[in-house]
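Under my numbering, the first residue of the sequence shown carries the number 92, and numbering increases by one thereafter. Yeah, the Cβ is synthetic: ideal placement off N, Cα and C, and Gly gets one too. See below for the structure under consideration.
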Amino acid sequence: LPQESVVDMSPVESFRTPSKEELRELREQPTDPQVEQEIIDSIEEVYFSSDSFDTVQYELEKLPPDLNLLELEEYRDKLKRQQAAVSKRVADLILEKQPSYVKVSSLSHLGKLGLHKCFNSAFRQLRSAKEGFTEASLGLLANQRRRQLLTGLLKSLRTIKTLQRTDVRLSEMLEEEDYPGAIQLCLECQKAASTFKHYNCISELNSKLQDTLEQIEEQLDVALSKTCKHFDVSHYTKVQLAYKLLGKTQTAMDQLHMHFTQAIHNTVFQVVLGYVELCAGNADTKFQKMPYKDLCTHITTDSYIPCLTDLCKALWEVMLSYHLTMQWHDEHYKEEETTPGADDSSAEGSDESTVGRSYVKKKLEHGLTRIWQEVQLKVKAYLLGTDVSNFKYDDFIVVLDVISRLMQVGEEFCGSKSELLQESIKRQSVNYFKNYHRTRLEELRMFLENETWELCPVKSNFSIAQLHEFRFMGQCRSPSVSPSRQPESTEPVELCLFEQYLQGGNPFEMQIDNKEEETEDVLASNGYESDELEKSVYQDYDSDSDVPEELKQDYVDEQTGDGPVKSVSRETLRSRKRSDYNAPILTNTTLNVIRLVGKYMQMMNILKPIAFDVIHCVSQLFDYYLYAVYTFFGRNDMYESSGLGLISSRLRTTLSRIQESLIDMEAGGENAGPHASPEERKEKVPRPHLSQLVILTSSDTLYGLAERVVATESLVFLAEQFEFLQPHLDTTMPSAKKPFLQQFYSQTVSTASELRKPIYWIVAAKAIDYEQMLLLMVGVKWDIKEIMSQHNVYVDVLLKEFEKFNQRLGDVSKIVRIPLPVSNVLWEHCIRLANRTLVEGYANVKKCSNEGRALMQLDFQQFLMKLEKLTDLRPIPDKEFVETYIKVYYLTENDMEQFIKNHREYSMKQLTNLVNVCLGSHINKKARQKLLAAIDDIDRPKR
């Protein structure tokens, strides 16, 4: 080759002289031309593309990212084979062209040198390539390692960047109230920060995260306090989960109870403060620094009830929140017990969880009593802060109603009997009730003294249950329902308040809003159901002058529906028509007393501790009414001493007890006994005096019979209402005091009807002129010698008196209905007095024959026959009293002595007359003296 061509050869084309080892390898290569050609063909074309081609760079760039030593060695061997094949081919070509070189033999030596240099250069290049290839491989590995380090560093830097920006996300989560998420994120950040603590920036971040965690705890505490007033399940669940993540569940319970106590104090203070400032009407801030107890004393009377209601409403919200908190924990623990937890494998973790649950459960259970105690103390301070003794009744009932409902809440809340509330409301109630009762007794006296004893027109179906004062009796069958709220559900099982108002509402929202709806339809038009009926009844009554007296008497008996019906006469049909207006007989005063009893019972029903005091006062209302009716219409010493037993010993004892315990005799100037102390007099009422408008001396009105009927029968009606109320009173009366109630009913209430006898006796004694009959009987000759067929005139006169009495009775019944028992008592008194007058007239006889005795019997039989047509009263009272006295005329001496011993109902005068007149002709003087002595010896108690 020419020198220049050797010099210009590329690194690949310029070969160095092969070493002996390489020539040996070349010789060992297969000499198969075909194989050699295949090896040369396998050389990439790029090697032949350009003189400036850099084989080393090309081969290095071809290397894969991940190097494999075996593959590299195989690839190196392949390149060696290709290099050997090319070298052999070049050598062959040189040998093949050797004749051409003869001409240039001179240059042979130079060629050898050039070739030697070429080979040397080639081998140097190959050695350099080999060394460069190894270094590149190590460089690649180093770069790979550096790449991995840088990737890790990038991740760390990204994490650090995220950590640096975490506070923004934490703030967002706290605003969203995602406390568990915020804590979880903060804890994860702290864990990550501990991993990168070797960075300087991380130590600062770590302290910042700790501050953030503390801030989260503070906000969590605020969030926990919010649940005390308005419990929200999702909100509370987040808070509890957050505390669980912090591992501070027990601490949360301690904080929760503190928050509930604080919530109660803040709530009541704000409610009372609001009302005090509202009533004060100025911007004075002194109230805000005032203690709660002192603040309560500034509540005005007008704002007392609204403030109390709002106070209880607010406290209900707090207690409901506590109730829902307990309910949440119960349900949560049940779910945990039924759901197999992941921590079952960890016995230690399970034990810790059980201990935590037990602590929370006990803490919540103990908190019930503590919370309720706080509520009681706050309400007690409010109750005792104002003097309620001068409240209106309805207002005080609302106070009792609210407190009663609050005590019911307490019982359902923690099973408490609310001793603090009971003691404070009892104290206020006793003070209030004493004032109230004293005022009501004075009002009752005023009512009685101004009462004209006219009929109060009520409907025939009148019942005390129709009065709104007794509406509570229909509601109190469900003890959990307040007197001012009708139960909406008719189910036998009443929901407790916490279940009833779980979804909303408030048990203290219902405040006598339905009072306007409580209209009473008890009054009739002038005592009748309609004006038309009244008119027809009066027309019927006015047109019955042609009706026989006996049918009129039938009417008097039938109007109560109890009397016998002899025939279906026109008058009987009228009486049936009149049964529509058969309304109770009562006065305005009676109605007021009944209403007052209803109010007392309502108060007693709400406040059981003062039940005995209330019932005692209720008994005093009845006592005073009974005493007034007796003193107005029944007290008459002349008739009381008649010996006919008009006042029973029980009634007399009752009247004496009332006078001693209730009537202030000194107030009326009647010093009936020793002077009472001022305190005792304070508990008594002056004796009532009958209104001057009530005239009891006119014979035309049967001596005030209408007023007497209204007064007496209103008392009987009142007694009937007391009998009706006895079971209810008995259920509220303390067991130790029940004998008082039983005695009141047996000794006082049951004696009301007994007043009929003394009161109507006075009418019966004056209605008929018994003295005139005695005078007429004195003029009758009884020592006649023949049997008479005609009765005496005094009998007709007496019967005319009875007919006149019956007519007046009818006139009075136009004004007021006369019940059958009243009619019977009046007729019984009149007939008894008439019969006793007959016996007295017969006892005045100086001489009498057997025919005279027969005439007496004839007169009496005529009287009975006519009398039985006037009255349906059977048997005729004291009929045997007269008949026996007449028949005694026929007795012997021995029988007479026995008769005197057995019949003490006759007076000494009447018995003496029998001995002197009847037996005078049959016995001697000695026997007569004996009988008269027997009469003197007998002590006759008056009947």
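Legend entry - L614 in three-state terms, based on DSSP: strand
Legend entry - Nearest to I130 (by Cα), restricted to the options A176, S141 and I462: A176
Legend entry - Three-state secondary structure (DSSP) of V549: Strand, per DSSP.
Inset, instruction - Let me know the secondary structure DSSP gives C878 once reduced to three states. - result: Inspection of the sequence shows that residue 878 is occupied by Ile rather than by Cys. Looking at I878 - three-state DSSP - the assignment turns out to be coil, as it is neither helix nor strand.
Inset, instruction - Output the boundary residues of the alpha helix (DSSP H) element that contains F703. - result: A702 to V720
Legend entry - Distance cut-off 7 angstroms: L717 Cβ against heavy atoms of the ligand HEM: Among the ligands in the structure shown, none appear at all, so the ligand HEM cannot be discussed.
Inset, instruction - Note down, in chain order, each residue of its chain lying with its Cβ closer than 6 angstroms to the Cβ of Q341, except the 5 sequence neighbours on either side. - result: Closer than 6 angstroms at Cβ, skipping near neighbours: Y450.
Legend entry - Option nearest C505 by Cα separation, candidates K857, Y691, F589 and K937: F589
Legend entry - For V930, the three-state DSSP class (helix, strand or coil): Helix at V930.
Inset, instruction - For T543, collect the residues of the same chain with a Cβ closer than 8 angstroms to its Cβ; drop the 5 residues on either side in sequence, then sort them by chain order. - result: S782, L784, V785 and E798
Inset, instruction - Please list, in chain order, all residues of the same chain as E942 whose beta carbon is under 8 angstroms from its beta carbon, the five residues on each side excluded. - result: I875, K876, E877, I878 and M879
Inset, instruction - For Y981, count neighbouring C-beta atoms within 10 Å of its own C-beta (all shown protein chains included) and say buried if the count is 16 or more, exposed if not. - result: exposed
Legend entry - I967 in three-state terms, based on DSSP: coil
Legend entry - Integer Cβ distance of A472 from K380, believed to fall under 8 angstroms: The pair is not a contact, with the Cβ atoms about 17 angstroms apart (cut-off 8 angstroms).
Inset, instruction - Could you pull out every residue in the same chain whose Cβ sits closer than 6 angstroms to the Cβ of K1017, ignoring the five residues on either side in sequence? - result: Around K1017: no qualifying Cβ.
Inset, instruction - Answer yes or no: do A1069 and K320 have a C-beta to C-beta separation smaller than 8 angstroms? - result: Nothing in the structure corresponds to residue 1069, since the chain is present only between 92 and 1034.
Legend entry - L1002 vs I1014 beta-carbon contact at 8 angstroms: no
Legend entry - Residues near L497 in its chain [Cβ-Cβ closer than 6 angstroms; skip 5 each side]: Taken in chain order, the residues that qualify are C403.
Legend entry - Cβ-based burial, S732 [other Cβ within 10 Å; buried from 16]: Reliability of the predicted coordinates at S732 is poor, the pLDDT of 49 falling under 50, and the value obtained from them is presented with this limitation in mind. When all chains shown are included, S732 counts as exposed.
Legend entry - Nearest-angstrom Cα separation, counted from Q557 out to E427: 56 angstroms
Inset, instruction - Evaluate N837 with the Cβ neighbour count: other Cβ atoms within 10 Å of its Cβ, from every protein chain shown; 16 or more gives buried, anything less gives exposed. - result: Sequence inspection shows Ser at residue 837; the Asn mentioned does not correspond to that position. By the 10 Å Cβ count, S837 comes out exposed.
Inset, instruction - Decide if D142 is buried, meaning its Cβ has at least 16 other Cβ atoms within 10 Å, or exposed. - result: exposed
Inset, instruction - Excluding the 5 residues preceding and the 5 following G447 in the sequence, name in chain order all residues of the same chain whose CB lies nearer than 6 angstroms to its CB. - result: T340
Legend entry - For K188, the first and last residue of its enclosing alpha helix (DSSP H): No alpha helix (DSSP H) holds K188; DSSP gives it neither H nor E.
Legend entry - Spatial neighbours of L240 in its chain, beta-carbon cut-off 8 angstroms, leaving aside the 5 residues before and after: none
Inset, instruction - Output the boundary residues of the alpha helix (DSSP H) element that contains M410. - result: For M410, the enclosing alpha helix (DSSP H) begins and ends at T392 to T429.
Legend entry - Cβ-based burial, G565 [other Cβ within 10 Å; buried from 16]: exposed
Inset, instruction - Grab the span of the alpha helix (DSSP H) containing T530 for me, first residue to last. - result: E510 to N541
Inset, instruction - Give the secondary structure of I274 by DSSP, where H, G and I count as helix, E and B as strand, and everything else as coil. - result: helix
Inset, instruction - Just the C-alpha distance for S412 and Y592, rounded to the nearest angstrom, thanks. - result: 12 angstroms
Legend entry - Residue closest to N522, alpha-carbon to alpha-carbon, out of H423, D963, D704 and F599: D704
Legend entry - Cross-strand partners of P912 (DSSP beta bridge): Answer by DSSP bridge pairing: none, since P912 is not bridged.
Inset, instruction - With DSSP as the reference, please indicate the residues paired to I754 in a beta bridge. - result: V776
Inset, instruction - Return the Cβ separation of H389 and V367 in integer angstroms, given the expectation that the two are a contact with Cβ distance under 8 angstroms. - result: 5 angstroms
Legend entry - Cβ pair I754, K773 closer than 8 angstroms: no
Inset, instruction - Report the option in D950, V907 and E162 whose CA atom is closest to the CA atom of V549. - result: V907
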